[in-house]
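If you number the sequence shown the way full-length UniProt numbering does, the last residue is 487 and the count never jumps. Think of the CB as a built atom: it goes at the ideal place given N, C-alpha and C, for glycine as much as any other residue. It should be emphasised that the depicted structure is a prediction, and the values quoted were computed from it without experimental measurement. Structure first, then comments.
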Amino acid sequence: MLPGTDRMPDVIPWLILVPLVWASLAFLRGPGRGGRLALAGLAVQTGLAVKLAMQISISGVQSHAVGGWGAPLGIDLYADGLSAILLLLTQVVVLLLVVYARAYFIAHPEGVSYFWPLTGYLLAAMNALFLSADIFNIYVTLELLGLTAVGLVAARGGTESVGAAMRYLLAGLMGSGLFLLGVALVYGTYGTVSIAVLAPLIEAEAPSAVFVAVGAMLVGLLLKTALFPFHFWLPPAHGEAPAPVSALLSALVVKASFYLILRLWLQPFAPLVTTAAAQLLGLLGMAAILWGSAMALSQTRLKMLIAYSTVAQIGYLFLLFPLVTVTSQEAAESALQGGVMQVVTHALAKAAMFAAAGTVILSLGRDDIGGLGGVASRLPVSIFAFALGGITLAGLPPSGGFIAKWLLIDGALNSGQWGWVVVMISGGLLSAAYVCRVLRRAFLPMEAGARFNSPARALEWSAFTLALMSLLLGVRSAEVLILLGIR
Numbered sequence: 001m002l003p004g005t006d007r008m009p010d011v012i013p014w015l016i017l018v019p020l021v022w023a024s025l026a027f028l029r030g031p032g033r034g035g036r037l038a039l040a041g042l043a044v045q046t047g048l049a050v051k052l053a054m055q056i057s058i059s060g061v062q063s064h065a066v067g068g069w070g071a072p073l074g075i076d077l078y079a080d081g082l083s084a085i086l087l088l089l090t091q092v093v094v095l096l097l098v099v100y101a102r103a104y105f106i107a108h109p110e111g112v113s114y115f116w117p118l119t120g121y122l123l124a125a126m127n128a129l130f131l132s133a134d135i136f137n138i139y140v141t142l143e144l145l146g147l148t149a150v151g152l153v154a155a156r157g158g159t160e161s162v163g164a165a166m167r168y169l170l171a172g173l174m175g176s177g178l179f180l181l182g183v184a185l186v187y188g189t190y191g192t193v194s195i196a197v198l199a200p201l202i203e204a205e206a207p208s209a210v211f212v213a214v215g216a217m218l219v220g221l222l223l224k225t226a227l228f229p230f231h232f233w234l235p236p237a238h239g240e241a242p243a244p245v246s247a248l249l250s251a252l253v254v255k256a257s258f259y260l261i262l263r264l265w266l267q268p269f270a271p272l273v274t275t276a277a278a279q280l281l282g283l284l285g286m287a288a289i290l291w292g293s294a295m296a297l298s299q300t301r302l303k304m305l306i307a308y309s310t311v312a313q314i315g316y317l318f319l320l321f322p323l324v325t326v327t328s329q330e331a332a333e334s335a336l337q338g339g340v341m342q343v344v345t346h347a348l349a350k351a352a353m354f355a356a357a358g359t360v361i362l363s364l365g366r367d368d369i370g371g372l373g374g375v376a377s378r379l380p381v382s383i384f385a386f387a388l389g390g391i392t393l394a395g396l397p398p399s400g401g402f403i404a405k406w407l408l409i410d411g412a413l414n415s416g417q418w419g420w421v422v423v424m425i426s427g428g429l430l431s432a433a434y435v436c437r438v439l440r441r442a443f444l445p446m447e448a449g450a451r452f453n454s455p456a457r458a459l460e461w462s463a464f465t466l467a468l469m470s471l472l473l474g475v476r477s478a479e480v481l482i483l484l485g486i487r
């Protein structure tokens, strides 16, 4: 399963160690300190992620045996094209959000106390998750990721934020507990937690304990991904957190658990996959698209609209499963490419939209959509960034979202599953509707006597850069798809 993994670039462990180091230094410096450390660390991490992607492109899959002890006795770290894409996406998005957060917390210091160390520890957990090659280490990284994310949501204080964080914590602990139950059952059956060792051992006629394990792990990860109907924690957590935290959670954190579902579905647990299970995930994805979009249309608060939009856009990711679980290799590959492109483009667009919304709220001192009149003339860059993100969510050309949805539609057509095409087109129209609702209000005249504070340029241009990247990815998608093919 791990061909070409005898060479180990030093960058793999450093992608975990660097954020741990600067996060610890930021913690030691005290509350509210560490923005410059984070910026320097993210610059280094981005360079490391680029180097790893280049090494994978040239030499193929890479791995590292921690301490010189590989599986089954030791711990392996593993990176293929999919890992490299997610690692590079994570560092780039967080780098731009760090630039945004430094300016945001100057104007609105609530929640900044431990933002920097928590962000660093969250990044270390996320990078370790993308590089983990055994299911127990995946559990450990999931726990670290969930706890740091909850801390970021609760950091601002207040009844709403703490309540949202507690709900998030409950969902996260339930999800991690179910995943750990699955790990224990798999280990009890096969005596190993290494993905590479498990892959040839698991067969379609596996013991019933293994099917229970897979079901528990899947439900646990669905809770963490917030797929409908497990989404109850996401809107309040994303809606009540400070804007940089909302952007980070929506763009990246929920994608980590989806990555694990995809990785386990395609590799060790592939022999256990059934068409019925794949169709069920697709139906839940469809429900998420329709429910999330309907709820977004009914919101009166800007950040809650974007939060429910995340519920809807997560649904597209799960349309991938009934399309990859088909006999047509061409349809399955097209669907896989579309699903990964959806992960990347949604991360960039949603980070941009939450960042733009945070700038608007800081400037107006209010979060209600009805009070957005005049914002387009006062904050043209932020509104343009929000609109570009909306173009990506709706799947309009030439955005990366268009490429993602086109590839998913191509997979549906090639496999004869026309129903998913209707769902994707309907979801795109609903996305356009709730984005246009915001834009329409923004272009109305400003209310007499309305308050307005000019924001720092870093706030607007960070959001715009993220949105522009989501758009330009539509014309530079070939590099992502080529890298994805290395596995």
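Taking residue i as the reference, which of the options has the closest Cα?
i: Gly177; options: Val150, Pro117, Gly47, Val140; result: Val140
i: Val381; options: Ala404, Ala332, Ala463; result: Ala463
i: Ala209; options: Phe318, Arg36, Tyr187, Glu447; result: Tyr187
i: Ile314; options: Glu203, Arg476, Leu221, Val212; result: Leu221
i: Tyr114; options: Val253, Ala154, Arg437, Trp233; result: Ala154
i: Leu89; options: Ala349, Thr275, Ser132, Ala332; result: Ala349
i: Leu481; options: Leu284, Ala352, Asp80; result: Asp80
i: Gln45; options: Arg29, His64, Gly60, Ala84; result: Ala84
i: Lys255; options: Phe130, Asn414, Ala385, Ser24; result: Phe130
i: Gly41; options: Ala243, Ile58, Leu123, Leu223; result: Leu123
i: Gln342; options: Ala243, Gly401, Arg378; result: Gly401
i: Leu396; options: Leu336, Leu473, Leu362; result: Leu473
i: Ala347; options: Thr300, Gly191, Gln91; result: Gln91
i: Leu96; options: Leu430, Met469, Val475, Ala478; result: Met469
i: Ile138; options: Thr148, Ser377, Ala125; result: Ala125
i: Leu466; options: Leu388, Ile195, Met286, Phe269; result: Leu388
i: Gln417; options: Leu249, Phe384, Ala278; result: Ala278
i: Glu447; options: Gly428, Ser377, Gly172; result: Ser377
i: Thr148; options: Glu240, Gly175, Val245; result: Val245
i: Ala456; options: Arg29, Val423, Val99, Ala65; result: Val99
i: Leu320; options: Ser250, Val421, Glu479, Phe232; result: Val421
i: Ala332; options: Leu218, Gly191, Leu266, Met286; result: Leu266
i: Met353; options: Ala276, Val150, Gly239, Tyr259; result: Gly239
i: Pro31; options: Ala216, Gly191, Val112, Gly60; result: Val112
i: Ile486; options: Ala237, Gln62, Met217, Ser334; result: Gln62
i: Tyr259; options: Ala433, Leu87, Pro19, Gly60; result: Leu87
i: Ile306; options: Cys436, Leu198, Val11, Val66; result: Cys436
With DSSP as the reference, please indicate the residues paired to residue i in a beta bridge.
i: Gln62; result: Ala79
i: Ser194; result: Asp134
Using the three-state DSSP reduction, which class does residue i fall into: helix, strand or coil?
i: Val11; result: helix
i: Arg366; result: coil
i: Ser176; result: helix
i: Ser415; result: coil
i: Ser132; result: strand
i: Arg437; result: helix
i: Gly4; result: Reliability of the predicted coordinates at Gly4 is poor, the pLDDT of 42 falling under 50, and no value is obtained from them.
i: Arg301; result: strand
i: Phe228; result: coil
i: Ala355; result: helix
i: Thr392; result: helix
i: Ala450; result: coil
i: Ala485; result: According to the sequence displayed, residue 485 carries Gly and not Ala. Three-state DSSP puts Gly485 in coil, outside helix and strand.
i: Thr274; result: coil
i: Val475; result: coil
i: Tyr316; result: helix
i: Val326; result: coil
i: Val112; result: coil
i: Arg156; result: coil
i: Phe402; result: helix
i: Ala206; result: coil
i: Gly35; result: helix
i: Pro19; result: helix
i: Ala456; result: coil
i: Leu336; result: helix
Rounded C-beta distance between residue i and residue j? I'm assuming under 8 angstroms.
i: Leu302; j: Ala357; result: 5 angstroms
i: Ala312; j: Ser328; result: Not a contact, Cβ separation roughly 28 angstroms.
i: Val183; j: Ile106; result: At roughly 43 angstroms, the Cβ-Cβ gap does not stay under 8 angstroms, so Val183 and Ile106 are not in contact.
i: Pro235; j: Met304; result: 6 angstroms
i: Leu272; j: Ile195; result: Incorrect: roughly 14 angstroms between the Cβ atoms, too far for contact.
i: Val438; j: Leu372; result: 7 angstroms
i: Trp116; j: Tyr168; result: 20 angstroms between Cβ atoms; not a contact.
Given 8 angstroms as the limit, is there contact between the segment 148-167 and the segment 39-59, that is, 3 or more CB pairs closer than that? no
Pairs of beta-carbons, one from the segment 447-456 and one from the segment 366-374, closer than 8 angstroms: are there three or more? yes
Should the segment 401-419 be regarded as contacting the segment 333-342, the criterion being three or more beta carbon pairs within less than 8 angstroms? yes
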